[in-house]
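Asker:
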Amino acid sequence: MARTKIVLAGEGGQGVQSVAKILVEAGYEAGKQVLYIPNFGVEQRGGVSIAFCQIADETIGEPRFSKGDIIIMLSDRAIDRCAVYVDENSTVVYDTSVCTKKPEVKCKEIIGVDANKIANEKLSARVFNIIILGVLLAATNVLKLEDIKNAMEMALGKKFEAKPELRELNYKALEMGMGMVNNSGVAV
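Going left to right, the sequence shown walks through residues 1 to 188 as our numbering numbers them.
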């Protein structure tokens, strides 16, 4: 793996930035080179929130990139706003239970998952973003599950200690997200 460029985009409040922080923390703890650029500005509440992440085995020479390897789109506005980061080598993931349209982009593959629906029906709306983290992990294989769990402990450990059931809920959400994508990166 040379370098994996990831774009996560959704509405403010969906936990996009939290997922990005856990992802890059996991990469850092795994000895990778990481870079995270949040983009939300005045849109933080109720607007499109975008996180640009890079995870690499070697030094990351350029902080910005024009095309992503994987682009996660979690709302119709995110689809509109992030199409510019997609090319024929990109994998696009979108949430079919939130988005009313499918991304109309030329890319390697488009994966539709119903993470929001599963979060609401089987777990809790609060772990929607952790399901997406699991989808991202399975679609990229950029990090190991254990790396992500360790980063979740660092980010959420105090909440887990106060309410141990939250650890189980978040780990279940992570595994459910991973189960939504098979080994070849296709939604199941």
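Even glycine gets a Cβ: it sits at the ideal position worked out from N, Cα and C.
Classify residue 184 as buried or exposed, calling it buried when 16 or more other Cβ atoms lie within 10 Å of its own Cβ.
Answerer: With a pLDDT of only 47 at residue 184, under the threshold of 50, the placement of this residue in the model should not be trusted; the figure read from the coordinates follows. Exposed.
Asker: Please classify residue 66 as buried or exposed, where buried requires at least 16 other C-beta atoms within 10 Å of its C-beta.
Answerer: It counts as exposed.
Asker: Would residue 108 and residue 79 qualify as a contact pair, given that the criterion is a beta-carbon distance under 8 Å?
Answerer: No. Outside cutoff.
Asker: Does the count of Cβ pairs from the stretch 172-179 and the stretch 119-130 closer than 8 Å reach three?
Answerer: Cβ pair count under 8 Å is three or more, so yes.
Asker: Going along the chain, which residues of its own chain have a beta-carbon closer than 8 Å to the beta-carbon of residue 43, five neighbours each way excluded?
Answerer: Annotation note: pLDDT 48 at residue 43 (below 50); position unreliable, coordinate value reported separately. Here the set comprises 12, 49.
Asker: Could you tell me whether the stretch 3-18 touches the stretch 78-92, using the rule of 3 or more Cβ pairs below 8 Å?
Answerer: Contact between the stretch 3-18 and the stretch 78-92 is present, because at least three Cβ pairs lie under 8 Å.
Asker: Strictly by DSSP, which residues pair up with residue 53?
Answerer: For residue 53, which the question treats as bridged, DSSP gives the partners 6, 36.
Asker: Which same chain residues end up closer than 6 Å to residue 20 when comparing Cβ atoms and leaving out the 5 residues on each side of it in sequence?
Answerer: For residue 20, where only same-chain residues beyond five positions count, the Cβ hits under 6 Å are 8, 36, 51, 53.
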